[in-house]
């Protein structure tokens with residue numbers, strides 16, 4: 001399996017496969033978010049209707065390596081590597097460490113506190129950034145980071 005920038009993850013993509021591809025522990029969280037979106041059509045349509053945005057995540061791991069992921073809650077309701085789906089651009093870009101993202105996804109950290117503490121940087125429409133909270137909450141049960 002090979003992931004290309006701007007290409008969504010396949011629904012059968014496992015955390016193990018992602019860990020082989022990427023040295024970022026957050027890869028597993030994006031897999032869970034994608035599975036959550038693909039598992040229930042009604043929930044996915046609800047998320048698309050509420051968020052109406054593409055979120056880009058620039059994450060830096062403990063080795064200083066950076067990786068980009070996107071969460072498309074504007075068009076298809078999918079997750080992929082890169083800053084946005086091919087031919088599109090992110091409405092909001094969130095930059096933070098891999099470990100802070102893991103804390104955020106598992107519910108151990110709050111996005112507002114990370115932002116106020118300077119650990120989360122946001123470019124673009126900050127109000128849209130608040131719209132991703134519900135999908136992260138739904139994915140929390142399956143995210144084991």
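Numbering (the UniProt record's numbering), first residue to last: 1 to 145. Here a beta-carbon is modelled for each residue, glycine too, at the ideal position from N, C-alpha and C.
| query | result |
| --- | --- |
| Top-ranked residue by Cα proximity to residue 132, from 100, 39, 38 and 56 | 56 |
| Short Cβ contact (8 Å threshold) for residue 91 with residue 53 | yes |
| Three-pair Cβ contact test at 8 Å for the region 73-80 versus the region 34-49 | yes |
| Residues of its chain near residue 75, where Cβ-Cβ distance is below 6 Å and the 5 sequence neighbours each way are ignored | none |
| DSSP state of residue 21 mapped onto helix, strand, coil | Residue confidence is low: residue 21 scores 43 on pLDDT, short of 50, so the model does not pin down where it sits. No coordinate-derived value is stated. |
| Buried versus exposed, by CB contacts within 10 Å (16 or more), residue 42 | exposed |
| Cα-Cα separation between residue 45 and residue 139, rounded to whole angstroms | 16 Å |
| For residue 86, the three-state DSSP class (helix, strand or coil) | coil |
| Beta-carbon contacts of residue 114 that lie in its chain and below 7 Å, excluding the five residues immediately before and after | 96, 100, 104 and 120 |
| Contact with chain B by residue 120, beta-carbon distance below 8 Å | Among the chains in the structure shown there is no chain B, since it carries only a single protein chain. |
| Straight-line gap, residue 110 to residue 118 (C-alpha atoms, nearest Å) | 12 Å |
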